[in-house]
Amino acid sequence: MIACFYIVSLRWKPPKLIIKDESNIITSLSSFIPQTLIESRIEQLNCLVQNQCPSHHIDFYIFTIAVLCVICSAIFTFIARSLNISMWCPLLLLLIPTALSFWTSKRRSTLIVKIKEFESALKKTLYEYTATDQNIKWSLQRVPVDEAPCTSVRFCLVIHIKELDPEMVYVGEELPSYQAALNTANIFNPPSYHELPVPPHAVVFS
Numbered sequence: 014m015i016a017c018f019y020i021v022s023l024r025w026k027p028p029k030l031i032i033k034d035e036s037n038i039i040t041s042l043s044s045f046i047p048q049t050l051i052e053s054r055i056e057q058l059n060c061l062v063q064n065q066c067p068s069h070h071i072d073f074y075i076f077t078i079a080v081l082c083v084i085c086s087a088i089f090t091f092i093a094r095s096l097n098i099s100m101w102c103p104l105l106l107l108l109i110p111t112a113l114s115f116w117t118s119k120r121r122s123t124l125i126v127k128i129k130e131f132e133s134a135l136k137k138t139l140y141e142y143t144a145t146d147q148n149i150k151w152s153l154q155r156v157p158v159d160e161a162p163c164t165s166v167r168f169c170l171v172i173h174i175k176e177l178d179p180e181m182v183y184v185g186e187e188l189p190s191y192q193a194a195l196n197t198a199n200i201f202n203p204p205s206y207h208e209l210p211v212p213p214h215a216v217v218f219s
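Next up, the structure:
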């Protein structure tokens with residue numbers, strides 16, 4: 014194992030890419046690929062996480078707003094009853110958490126699909142890295158939240174970077190076509206029956 018990159022979706026903050034001891038990891042990877050390429054790929058992974066990774070922290074803030082609306086509605090109701098004011102204003106405040114709850118439930122129903130789409134896009138990117146590098150392999154794995162490098166994690170992915178066995182066929186190496194293999198192969202056909210030599214003591218019938 015050369016390095017591990019963690020992708021975490023947090024409860025309070027947007028998703029992010031976590032690289033422990035980044036300087037040492039870049040030094041280790043620089044023996045396989047150029048350092049400029051490493052930094053470029055880390056930046057590309059960061060952009061992919063920020064733009065496509067589903068976020069859970071929005072749900073927390075929406076829940077906070079809904080709770081505040083309910084509390085404000087209760088306070089306004091108490092004040093309205095004390096001052097004999099119309100009760101329409103507190104009721105209107107309750108429409109806000111209702112609408113937010115509907116939007117949140119609809120968003121959560123599509124969250125699993127978005128996570129799978131993000132994993133698919135990430136795996137495609139890592140496969141392209143592996144095909145280009147040829148001597149290291151980039152792979153993706155989902156890990157339990159209790160193994161995440163930080164707290165308040167909703168889901169966690171880890172990118173493993175491993176050195177390939179030098180005896181293995183390089184990723185992306187194309188095999189020759191069947192016709193090309195036939196053209197380059199030396200095929201020896203056995204002689205026909207009439208071309209076989211006649212033994213010296215054999216009797217030949219004409």
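Counting in our numbering, the sequence shown runs from 14 upward without gaps. We treat Cβ as the ideally placed atom computed from N, Cα and C, and that holds for glycine. Predicted model, so just to flag it, every value in this text is computed and none were measured.
As assigned by DSSP and simplified to three states, the class of residue i
i, result
"PHE168", "strand"
"SER133", "helix"
"GLN154", "strand"
"SER22", "strand"
"LEU30", "strand"
"ILE125", "helix"
With 16 other Cβ atoms within 10 Å as the buried cut-off, status of residue i
i, result
"TYR19", "buried"
"SER43", "exposed"
"THR220", "This structure leaves residue 220 out entirely; the chain is present only between 14 and 219."
"PRO28", "buried"
"SER95", "exposed"
"GLU186", "Its pLDDT being 48, under 50, GLU186 is placed unreliably in this model, and the value from its coordinates should be taken loosely. The residue in question, GLU186, is exposed, as its Cβ has fewer than 16 Cβ neighbours within 10 Å."
"ILE172", "buried"
"CYS82", "buried"
"LEU58", "buried"
"SER86", "buried"
"ARG121", "exposed"
Length of the line joining the Cα atoms of residue i and residue j
i, j, result
"ILE75", "GLU35", "34 Å"
"PHE115", "ALA79", "11 Å"
"SER22", "LEU106", "31 Å"
"LYS26", "VAL158", "16 Å"
"ILE109", "SER118", "14 Å"
"THR123", "ALA134", "17 Å"
"ALA112", "GLU56", "37 Å"
"ILE51", "ILE31", "15 Å"
"CYS169", "ALA161", "6 Å"
"ILE84", "CYS102", "13 Å"
"ARG167", "CYS60", "20 Å"
"PHE91", "VAL156", "49 Å"
"MET14", "THR164", "24 Å"
"LEU139", "THR77", "37 Å"
"VAL48", "ILE88", "One point to set straight first is that residue 48 is Gln, not Val, in the sequence displayed. Distance between the alpha carbons of GLN48 and ILE88 is about 60 Å."
"THR40", "ASP72", "39 Å"
Delimiting residues of the alpha helix (DSSP H) encompassing residue i
i, result
"ALA161", "That residue, ALA161, is in no alpha helix (DSSP H); it is neither H nor E in DSSP."
"PRO110", "101-122"
"HIS70", "70-96"
"LEU177", "Counting along the chain, LEU177 falls outside any alpha helix (DSSP H), and DSSP gives it neither H nor E."
"SER234", "The structure shown does not extend to residue 234, since the chain is modelled only from 14 to 219, so the question has no answer here."
"ILE38", "35-42"
Any chance the region 59-74 sits against the region 116-134, with 3 or more Cβ pairs inside 8 Å? Output reads yes: the region 116-134 touches the region 59-74.
Spell out a yes or no on whether the region 170-177 and the region 140-153 are touching, meaning 3 or more CB-CB pairs, one atom from each, closer than 8 Å. Touching, yes, given that three or more Cβ pairs across the two stretches are closer than 8 Å.
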